[in-house]
Amino acid sequence: MSKKKHNEDVEKELAQEVENETVLEEIVDDEIDELAELQAKLDEMENKYLKAHAEMQNNQRRANEERQTILKYRSQDLARKILPSLDNLERALAVEGLTDDVKKGLEMTQESLLNALKEEGVVEVSTEGEFDPNFHMSVQTAPADDEHPADTIAQVLQKGYQLHERNLRPAMVVVYQ
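Taking our numbering, the leading residue of the sequence shown gets 1, the next gets one more, and so forth.
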């Protein structure tokens, strides 16, 4: 009986070990499933983080570019307000009969305004050569001939100005047609 008892005990132990192994396999499978879920959540969170980080960098870049543009064109409104005064100075200098002192004072004022505008990036639009509707406004036409081909500028009635590459005011011109 002792052998039978011993066999029964061994069988019980084996059955218990098999049952324990099955339980352990189920636990391991559950843990693996849970680990896979956690890894998927981690991957999802990492993707969300990377997208948010990229979006934040893009927003910073856009804000920086916008700030640079604002700085670049900050004097645009002031320049537009000063241009009529510059035109008036030019007209005053064209008047006949000015004393030398008055003329010198007007020239100094004009030069001072032009230098201040130039420091801010304001430059005069070129009126040499062909008419360009991007920079010139045709207000009159003159007949073209052999010396003056069509679509060239005949006369400048009012100077045009740009701030960096942006037009502040087109030059008003007479164009040969």
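Quick reminder that beta carbons are idealized off the backbone N, C-alpha and C, glycines included. Please read all numbers here as calculations on a predicted model, not as lab measurements.
In the three-state scheme derived from DSSP, where H, G and I count as helix and E and B as strand, Arg91 is classed as helix.
Here Leu83 is buried. Its C-beta has 16 or more other C-beta atoms within 10 Å. Taken atom to atom, the span from the alpha-carbon of Val23 to that of Glu31 is near 12 angstroms. Across the set Gln140, Lys4, Glu120, the C-alpha of Glu120 shows the shortest separation from the C-alpha of Leu71. Listed as beta-bridge partners of Val122 by DSSP are Leu163. Residue range 2-72 is occupied by the alpha helix (DSSP H) that includes Tyr49. Within its own chain, the residues whose Cβ lies closer than 8 angstroms to the Cβ of Tyr73, once the five positions on either side in sequence are excluded, are Leu163, His164, Arg166, listed in chain order. Judged by DSSP secondary structure, Ser138 falls within the beta strand (DSSP E) whose first and last residues are 136-142.
Per DSSP, reduced to three states, the secondary structure at Glu111 is helical. Per DSSP, reduced to three states, the secondary structure at Gln155 is strand. The Cβ atoms of Gln177 and Asp151 lie closer than 9 angstroms to each other. Between Leu114 and Leu86, the gap from beta carbon to beta carbon is short of 9 angstroms. In this structure, the CA atom of Gln140 is about 32 angstroms from the CA atom of Met108. For Ala171, the enclosing beta strand (DSSP E) starts and ends at 171-176.
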